[in-house]
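Working notes for the structure below.
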Amino acid sequence: MKPHFFVDIHCHSSMKPFARSFRKNPGLQSRNPRHAHSMWFHDAPSFFDKVKNYIASLTNFSQSDATSLKRGRVAIVCLSFYPQERDFFDNKLGTGLASDLLGKLATEFGQSRIDHIQSIKSYWEDLKLEMRFVEQENGNSINIDGKQMQYLITNSYAEIELLERQGKLVDDTIVFIPTIEGAHVFDQVLDSDEPAYKYPDGISEKALKKMLQRIRDLRMEKDGLIRPVFITLAHHFWNGLCGHAQSLGGLVKCVVDQENGINLGITKAGEKAIAAMLDPLQNKDGSAVKPIYIDIKHMSRKSRLEYFKILEKYSNQTIPILVSHGCVTGLPSPGGTQKTCISQENVFNTDDINFFDDEIIKIGLSNGLFGIQLDERRIGSRMVLRSTKDIKSKRNLLYSWSKLVWNQIRHIAEVLDANGQYAWGIQCLGSDFDGIIDPIDGYWTAVQIDKLDDYLLMHVYNYIKEIKTPCPLQQARNKQVTAEEIVDRFMTGNALNVLSKMM
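Terminal number for the sequence shown in the working numbering: 1707, no gaps in between.
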């Protein structure tokens, strides 16, 4: 049966409305969905917005607001809290007019929010303020499209199961699962230009003590904190815990410096942070406290491999390896030769912020998740992007751009199949909507996710039914599956299956 709703494991639904609240009352969310500082505020892309995006890669519209999610049948979203790093707005251009103008064009944050980030003294306090912003309207009823709607934020899967049994998902409820992007939130390194080798352990002893206490407080949900289900250890800049991958390009790369700490491995402080998030912990009542799982997106390749090694110490625990929003390189490892049929067509972006086949195998063995990102800058090679952008017909455009998503799903399936694993169990949607991305054409916002479901089905059907070309899968169990099941797993089932074990 076709799922009634979809799941997206990486969105920033609160980032823009939270930023806009700084114009008047920082951290105060409006109850009026017509106000830009409401989580329900819907700002659909105009024709001019689409032209700006096509020409300059500017995403000046909302993508994952709760109204868009409802209209696209995206009922469950891993909401990523993200205090923006100061380096985006205090860069090679300084903090003056030119830097502010670039920041406003790229983010739509407004001057007040940019001024706040440029002078920020604590990412931790900014995180708490954003969490309170979301919680203010948690469970409050609001009229959207003539229906009473609400959003709920929860890290309990039992609540999601209850809502599903009651038939409330999408029809009257959007669920936000809390996550965090960037372990800089613990304030262990406020100045990302601080030399990566300044301290033997990556950070000072004082900062280490503060960080470990904050991780514990976050897991225990002290002082109104919301425990995230997972967190990326790295993001765009050095944070003393591990090296990051090159993630910025274009004009932004010219004015924002990521070099400090890039491509390094995990520091001693990073190892202790991972232990603090994953090690068994009990509350005052003696009940087990859930871990904060690690999302390996944005880690350098070296850090990712070292993390896999660290996980060997946790063989008595079930710890899924997560990529919340990523794409594949199509290569077995750096410098390797493509092995799958689809990768040999040179359709993938081989930058090492994307993931290699040996990492896909690890994710599969851990029963983890690979969220596929709907970002032009990640999802395809320049060659395939150029050819796809030449398409003018709306129907052909939606079909062709969905093929880039299907290429990702297919490559992962063929890698897993060739290594004796089930081919269709880890792929899911991790759009990164409202994460200042350049969305694939046609799939501008969460509203179009409903169309992605339909167009993917066409690609999968042709593949499984061996229309035009033979299906290269080797295992019978991976070939003897319906196209509908594969798409349903990607859009809903795989994410729910893994989240049910983590929450």
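All residues carry an ideal CB built from backbone N, CA and C; glycine is no exception. As the structure is a computational prediction, the values presented were derived from the model and not from experiment.
Touch check for the segment 1594-1613 and the segment 1671-1680: three-plus C-beta pairs under 8 Å?
Contact between the segment 1594-1613 and the segment 1671-1680 is absent, because fewer than three Cβ pairs lie under 8 Å.
Under a Cβ-count criterion, where at least 16 other Cβ atoms within 10 Å of its own Cβ denotes burial, should Met1587 be classed as buried or exposed?
Translated into the one-based positions of the sequence shown, residue 1587 becomes position 383. Answer is exposed; the Cβ neighbour count stays below 16.
By Cβ distance below 6 Å, which residues in the same chain neighbour Ser1408 in space, the five residues on each side in sequence not counted?
Against the sequence shown, residue 1408 aligns to sequence position 204. Within the same chain, Ser1408 has no close Cβ partners at all.
According to DSSP, is Ala1699 part of a helix, a strand, or is it coil?
The residue given as residue 1699 occupies position 495 in the sequence shown. Of the three classes helix, strand and coil, the one that applies to Ala1699 here is helix, per DSSP.
Classify Pro1495 as buried or exposed, calling it buried when 16 or more other Cβ atoms lie within 10 Å of its own Cβ.
Mapped onto the sequence shown, residue 1495 falls at position 291. Result: buried.
Taking a contact to mean a Cβ-Cβ separation below 9 Å, would you say Ser1218 touches Ala1650 in this structure?
Residue mapping note: residue 1218 aligns to position 14 of the sequence shown, counting from 1. Residue mapping note: residue 1650 aligns to position 446 of the sequence shown, counting from 1. No, the pair does not count as a contact, with Cβ atoms beyond the cut-off.
Roughly how many angstroms lie between the CA atoms of Glu1475 and Asp1654, to the nearest whole one?
The residue you call residue 1475 lines up with position 271 of the sequence shown. The residue you call residue 1654 lines up with position 450 of the sequence shown. Cα to Cα, the separation comes out at about 41 Å.
Taking only runs of the alpha helix (DSSP H) that begin and end inside the segment 1237-1323, which ones reach a length of at least 4 residues, in chain order?
Entirely contained in the segment 1237-1323, the alpha helix (DSSP H) runs reaching 4 residues are, in chain order, 1251-1260, 1270-1275, 1301-1311 and 1315-1322.
Going by DSSP, which residues form a beta bridge with Glu1670?
Taking the first residue of the sequence shown as 1, we reach residue 1670 at position 466. Per DSSP, none; premise fails for Glu1670.
For Tyr1511 and Ile1466, what's the separation of their Cα atoms in angstroms?
Working through the sequence shown from its first residue, we reach residue 1511 at position 307. Working through the sequence shown from its first residue, we reach residue 1466 at position 262. Going from the Cα of Tyr1511 to the Cα of Ile1466 covers about 16 Å.
Judging by CA-CA distance, which residue of Pro1382, Asn1464 and Val1338 is the nearest neighbour of Ser1396?
Your numbering for residue 1396 matches position 192 in the sequence shown. Ser1396 has its Cα closest to that of Asn1464, out of Pro1382, Asn1464 and Val1338.
What is the rounded straight-line gap between the Cα of Leu1437 and the Cα of His1502?
Locating residue 1437 in the sequence shown gives position 233, where the first residue counts as 1. Locating residue 1502 in the sequence shown gives position 298, where the first residue counts as 1. In a straight line, the C-alpha of Leu1437 is about 8 Å away from that of His1502.
Hey, which unbroken runs of the alpha helix (DSSP H) at 4 residues or more fall wholly within the segment 1317-1362?
Correct list: 1327-1339.
Could you check if Val1255 is buried or exposed, using at least 16 other CB atoms within 10 Å of its CB as the buried criterion?
Your numbering for residue 1255 matches position 51 in the sequence shown. When all chains shown are included, Val1255 counts as exposed.
Pick helix, strand or coil for Leu1661, following the three-state DSSP scheme.
Mapped onto the sequence shown, residue 1661 falls at position 457. Reduced to three states, the DSSP call for Leu1661 is helix.
In the DSSP assignment, find the beta strand (DSSP E) that holds Asp1212 and state where it starts and stops.
Counting from one through the sequence shown, the residue named residue 1212 turns up at place 8. Start and end: Phe1210 to Cys1215.
Alpha carbon to alpha carbon, how far is Val1551 from Arg1590? Give it in angstroms, no decimals.
By 1-based counting over the sequence shown, the position of residue 1590 is 386. By 1-based counting over the sequence shown, the position of residue 1551 is 347. Going from the Cα of Arg1590 to the Cα of Val1551 covers about 11 Å.
Going by DSSP, what residues sit across from Tyr1497 in a beta bridge?
Here residue 1497 refers to the residue found at position 293 of the sequence shown. Note: Tyr1497 sits in a beta bridge opposite Phe1434.
Run through DSSP, which three-state label would Thr1554 get?
Taking the sequence shown and counting its residues from 1, one reaches residue 1554 at position 350. Of the three classes helix, strand and coil, the one that applies to Thr1554 here is coil, per DSSP.
When you compare only the Cα positions, how much space is there between Ile1678 and Ala1622?
Working through the sequence shown from its first residue, we reach residue 1678 at position 474. Working through the sequence shown from its first residue, we reach residue 1622 at position 418. Note on identity: in this sequence residue 1678 is Gln, with Ile being the wrong assignment. Approximately 7 Å, taken between the alpha carbons.
The beta strand (DSSP E) spanning Cys1632 covers which residue range?
Within the sequence shown, the letter at position 428 stands for residue 1632. Its beta strand (DSSP E) spans residues Gln1631 to Leu1633.
Could you give the first and the last residue of the continuous alpha helix (DSSP H) run that contains Phe1512?
Indexing the sequence shown from 1 puts residue 1512 at position 308. Its alpha helix (DSSP H) spans residues Arg1505 to Leu1515.
Considering only residues of the same chain and omitting the five flanking positions on each side of Phe1559, which have a CB-CB separation below 7 Å?
Walking along the sequence shown from the start, residue 1559 turns up at place 355. So the list reads Val1527, Gly1530, Val1532 and Thr1533, once near-sequence residues are dropped.
Could you compute how far the alpha carbon of Ile1336 sits from the alpha carbon of Phe1694?
For the purposes of this step, residue 1336 is taken as residue 132 along the sequence shown, with counting starting at 1. For the purposes of this step, residue 1694 is taken as residue 490 along the sequence shown, with counting starting at 1. Note on identity: in this sequence residue 1336 is Arg, with Ile being the wrong assignment. Near 32 Å, if we compare the C-alpha coordinates of Phe1694 and Arg1336.
Once the 5 residues before and after Asn1236 are set aside, which same chain residues still bring their CB inside 7 Å of it?
Locating residue 1236 in the sequence shown gives position 32, counting from the first residue. Within the same chain, Asn1236 has close Cβ partners Ser1242.
If we cut at 9 Å on Cβ distances, does Tyr1626 have a partner in chain C?
Reference to chain C is not applicable here, since this structure consists of a single protein chain.
For Ser1451, which of helix, strand or coil comes out of DSSP?
Position 247 of the sequence shown, counting from 1, holds the residue named residue 1451. Coil at Ser1451, not helix or strand.
Which residues does DSSP list as the beta-bridge partners of Gln1486?
Against the sequence shown, residue 1486 aligns to sequence position 282. Beta-bridge pairing links Gln1486 to Ala1492.
Taking only three categories from DSSP, how would you classify Lys1206?
For the purposes of this step, residue 1206 is taken as the residue at position 2 of the sequence shown. Caution applies to Lys1206, whose pLDDT of 49 falls short of 50 and renders its modelled position unreliable; the model cannot decide the point.
Rounded C-beta distance between Phe1382 and Asn1347? I'm assuming under 8 Å.
The residue you call residue 1382 lines up with position 178 of the sequence shown. The residue you call residue 1347 lines up with position 143 of the sequence shown. Reading off the sequence shown, one finds Pro at residue 1382, where the question assumed Phe. Their Cβ separation, rounded to whole angstroms, is 26 Å, which puts Pro1382 and Asn1347 out of contact at 8 Å.
Using only the alpha-carbon positions, how far apart do Gln1315 and Pro1221 sit?
Mapped onto the sequence shown, residue 1315 falls at position 111. Mapped onto the sequence shown, residue 1221 falls at position 17. If you take the alpha carbons of Gln1315 and Pro1221, they lie about 14 Å apart.
Determine the DSSP secondary structure at Val1685, reduced to helix, strand or coil.
What you label residue 1685 is simply residue 481 of the sequence shown in a count that begins at 1. In the structure shown, Val1685 sits in coil (DSSP, three-state: anything other than H, G, I, E or B).
Would the beta-carbon of Tyr1497 fall within 9 Å of that of Val1433?
Position 293 of the sequence shown, counting from 1, holds the residue named residue 1497. Position 229 of the sequence shown, counting from 1, holds the residue named residue 1433. Yes, Cβ-Cβ distance for Tyr1497 and Val1433 is below 9 Å.
Among Glu1368, Arg1290, Gly1300 and Arg1369, which has the Cα closest to the Cα of Asp1330?
Your numbering for residue 1330 matches position 126 in the sequence shown. Closest option to Asp1330, Cα to Cα, is Arg1290.
Taking the alpha-carbon of Arg1599 as reference, which of Asn1257, Arg1317 and Tyr1659 has the nearest alpha-carbon?
In the sequence shown, residue 1599 corresponds to position 395, counting from 1. For Arg1599, the nearest C-alpha among the options comes from Tyr1659.
Taking a contact to mean a Cβ-Cβ separation below 9 Å, would you say Asp1556 touches Lys1543 in this structure?
Numbered from its first residue, the sequence shown carries residue 1556 at position 352. Numbered from its first residue, the sequence shown carries residue 1543 at position 339. Not a contact, by the Cβ cut-off of 9 Å.
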